[in-house]
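Per the numbering used here: the sequence shown = residues 297 to 445. Where a beta carbon is used, it is the ideal one built from N, C-alpha and C, also for glycine.
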Amino acid sequence: MHSTKIISVQAQSLISDFISSLSQEGDLHTKTLKEYTSDLKDFVFWFEKVWGKHSEDTLFHPIEVTARTIARYREHMQITRLLKPATINRRINSIKRYFEWAKQKGLVQTNYSKSIKFVPTEKTSPKRMSDKEEATLMNAVEKYGTLRD
């Protein structure tokens, strides 16, 4: 169940500018743009919540983000939220893409997201068919298949 994450107006504006810029490029699917938006809102929500404890008026701005900040967010997703590597890596990728854009726009001097590594994913071996499954498949091919099958 998704809860609405409330982020600062400033952060919403920065994310909207980024998404608008990507939309103008025209090479991304609407679903991808929605995922970028969701991923960045999640990061900003975490950022403002963590740093907001120190100050009431702590707002997100990309210049405040360091490599350590992003690494802590990655740890938060892994350890606290127990998210799967694919989800974490998609979110890291969204953050990397955002900071590439922020550097191009002059919002940051240094793109600290470049040094952030993706979470290793488990390599799974192909599943082997049981003898019964193999026999069922072969029978189906013999009964219903054509020469191509």
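Cβ neighbours of residue 333 in the same chain (closer than 7 Å, five flanking residues each side left out): 311, 315
Quick check: what's the CA-CA separation for residue 301 versus residue 330? Distance between the alpha carbons of residue 301 and residue 330 is about 15 Å.
Mind the definition here: the stretch 408-419 touches the stretch 363-371 only if three or more C-beta pairs lie below 8 Å; say whether that holds. Pairwise C-beta distances place the stretch 408-419 in contact with the stretch 363-371, as three or more of them are shorter than 8 Å.
Once the 5 residues before and after residue 384 are set aside, which same chain residues still bring their CB inside 7 Å of it? Excluding residues within five positions, the ones whose Cβ falls inside 7 Å are 370, 373, 374, 415.
Ends of the alpha helix (DSSP H) at residue 407? From DSSP, residue 407 is part of no alpha helix (DSSP H); its letter is neither H nor E.
Report the three-state DSSP secondary structure of residue 343 (helix, strand or coil). helix
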